[in-house]
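One structure is given here, and the rest of the page talks about it.
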Amino acid sequence: MTEEELIHSLQKDSSEALCELIDRYTPYVSSVIHRIIGTSPEDCKELTADVFFAAWRNRSKLQNGKVKSYLGEIARNKAFNFIRDSKSFLPLDEDIIFNKDDPQEYTENRDMSLKLKNALSQLDESKKELFLRYYYYGQKVKDAAADMNINPSTAKIWLKRGREELKEILSRDGIVC
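Using my numbering, the first residue of the sequence shown is number 18, and each one after it goes up by one.
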């Protein structure tokens, strides 16, 4: 079934199309969620199910060629909301920062990653969450602000102040920015 046919069937309330959507995109959706929350498989499964439920409820919004990105956006939002609601921290996935193929580069970057994690831990929780959402998980400022229930202008100010604070903290640790 093509994506266009899948969307058409979903919009006609086809449960078979929903099963096809789930079968086709579960690996992608669950990997997006796992990279963000990095917790138990049960949480990932529950959030994955929530993503498909949201997609089903909003099936009229599905567009040909954009289903995967739409599901990815829902998955990111669900994962970030889960983290915020559980008052947990956003994990800094080292694989996002560097590649483990070159041992020397890996060691240097691992040290830098630890210093960066330490610097991030010194930011207040709201700034840290926004900073990680924007810089490490690629969420747009307006989307991150909406998920965090803050004004986009406030989010931009927090990002600017967060960069300044990180620069100051890293400078104290001997890292030139």
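Built from N, CA and C at the ideal position, the CB exists for glycine as well.
None of the values given here were measured: they were computed from a predicted structure.
Quiz item: How many whole angstroms separate the CB atoms of Phe-69 and Leu-38, which I take to be in contact at a CB cut-off of 8 Å?
Solution: Yes, they are in contact, since the Cβ atoms of Phe-69 and Leu-38 sit about 7 Å apart, within 8 Å.
Quiz item: What are the uninterrupted segments assigned as alpha helix (DSSP H) that are 4 or more residues long and contained completely in the stretch 28 to 75, given in chain order?
Solution: Those alpha helix (DSSP H) runs which fall completely within the stretch 28 to 75 and span 4+ residues are 32 to 54, 58 to 74.
Self-check item: Coarse secondary structure for Tyr-152, derived from DSSP in three states
Solution: Helix.
Quiz item: What are the boundary residues of the alpha helix (DSSP H) that Ile-192 is part of?
Solution: No alpha helix (DSSP H) contains Ile-192, which DSSP labels as neither H nor E.
Quiz item: The alpha helix (DSSP H) spanning Asp-199 covers which residue range?
Solution: In the structure displayed, the chain extends from 18 to 194; residue 199 sits before or after that span and is not available.
Quiz item: Measuring CB to CB, does Cys-36 end up less than 7 Å from Ile-50?
Solution: It is not a contact, given that the beta carbons lie outside the stated cut-off.
Self-check item: Inter-residue Cα distance where the pair is Ala-92 and Arg-76
Solution: Rounded to the nearest angstrom, the two C-alpha atoms are 15 Å apart.
Quiz item: How big is the Cα-Cα spacing for Gly-89 and Tyr-45?
Solution: Each residue's Cα considered, the two are about 8 Å apart.
Quiz prompt | For Lys-173, three-class secondary structure by DSSP | solution = Lys-173 falls in the helix class under three-state DSSP.
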